[in-house]
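Visitor:
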Amino acid sequence: MNRSLASLCFSLLVLVGLMACGNDDPIDANGLLVTQRSQCYMTSFDLLGSDHRTVLVSGQTKVDTTALTVTAVARFGTNMQRLKPFCSVVTDAIVEPNMGVWTDFTQAQTYTVVSGNRQVRKTYTVTVTLQK
């Protein structure tokens, strides 16, 4: 009797352990949770200089979610070849390539916003000019 009770307890523990290992939440290649959200847009954009402070002229940055463009004006004297971009996106969306790395903005750059369900992709063109 003790042997069958021990066997039953062991079987239950194995079953519970196997159920606990299952993960119903899908994740993407970066280990981020894939959700049901299909919204996909950028809400704000900023550039940081080597001192990790914004280099953009206040009120001059425009994010156009229809034309999929970002236009911004950097302060006079900004080194356009070494800037760190940052943006805000709708909940659960991601940006490719990753922001927060030193980037050359002497020419327009493109960033793709990908929805939370990873089904919708919108590519934004970011153009930064120097203040005159």
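Positions -20 to -1, 1 to 112 (mature numbering (1 follows the signal peptide of the UniProt record, and there is no 0)) are the ones given, in order, by the sequence shown.
Here a beta-carbon is modelled for each residue, glycine too, at the ideal position from N, C-alpha and C.
None of these values were measured; they are calculated from a predicted model.
#1: Hey, how far is the Cα of Gln16 from the Cα of Gly57?
#2: Could you tell me whether the Cβ atoms of Thr86 and Gln111 are closer together than 8 Å?
#3: Roughly how many whole angstroms lie between the Cα atoms of Gln19 and Arg(-18)?
#4: State the Cα-Cα distance for the pair Val14 and Trp82, rounded to the nearest angstrom.
#5: On the DSSP bridge assignment, give the partners of Met22 in chain order.
#6: Kindly indicate which three-state DSSP category Arg62 falls into: helix, strand or coil?
#7: Could you please give the first and the last residue of the uninterrupted beta strand (DSSP E) stretch that includes Thr92?
#8: For Asn49, which option in Val35, Asn97 and Thr92 has the closest C-alpha, if you only look at C-alpha atoms?
#9: So the beta strand (DSSP E) Arg101 belongs to, where does it begin and stop?
#10: What residue range is occupied by the uninterrupted beta strand (DSSP E) comprising Asp44?
#11: Going straight from the alpha carbon of Leu36 to that of Val70, what length do you get?
#12: Quick one: what's Leu28 bridged to in DSSP?
#13: Taking the beta strand (DSSP E) that Thr51 belongs to, which residues open and close that run?
Guide: Taking the structure as given:
#1: Along the sequence shown, read from residue 1 onward, the residue named residue 16 stands at position 36. Along the sequence shown, read from residue 1 onward, the residue named residue 57 stands at position 77. Distance between the alpha carbons of Gln16 and Gly57: 44 Å.
#2: Within the sequence shown, the letter at position 106 stands for residue 86. Within the sequence shown, the letter at position 131 stands for residue 111. It is not a contact, given that the beta carbons lie outside the stated cut-off.
#3: The residue you call residue 19 lines up with position 39 of the sequence shown. The residue you call residue -18 lines up with position 3 of the sequence shown. The alpha-carbon atoms of Gln19 and Arg(-18) are separated by roughly 57 Å.
#4: By one-based count along the sequence shown, residue 14 stands at place 34. By one-based count along the sequence shown, residue 82 stands at place 102. Each residue's alpha carbon lies about 28 Å from the other.
#5: Taking the sequence shown and counting its residues from 1, one reaches residue 22 at position 42. Val69.
#6: Taking the sequence shown and counting its residues from 1, the one referred to as residue 62 is at position 82. Arg62: coil per DSSP, three-state reduction.
#7: As a position in the sequence shown, residue 92 is number 112, starting the count at 1. Counting along the chain, the beta strand (DSSP E) containing Thr92 begins and ends at Gln89 to Val94.
#8: Counting from 1 along the sequence shown, the entry for residue 49 is found at position 69. According to the sequence displayed, residue 49 carries Thr and not Asn. Of the candidates Val35, Asn97 and Thr92, the one whose C-alpha sits nearest the C-alpha of Thr49 is Thr92.
#9: Working through the sequence shown from its first residue, we reach residue 101 at position 121. Its beta strand (DSSP E) spans residues Arg101 to Leu110.
#10: For the purposes of this step, residue 44 is taken as the residue at position 64 of the sequence shown. That run of the beta strand (DSSP E) goes Lys42 to Asp44.
#11: Translated into the one-based positions of the sequence shown, residue 36 becomes position 56. Translated into the one-based positions of the sequence shown, residue 70 becomes position 90. C-alpha separation (whole angstroms): 22 Å.
#12: The residue you call residue 28 lines up with position 48 of the sequence shown. Beta-bridge partners assigned by DSSP to Leu28: Thr34 and Lys64.
#13: Working through the sequence shown from its first residue, we reach residue 51 at position 71. Where Thr51 is concerned, the enclosing beta strand (DSSP E) stretches over Thr49 to Ala54.
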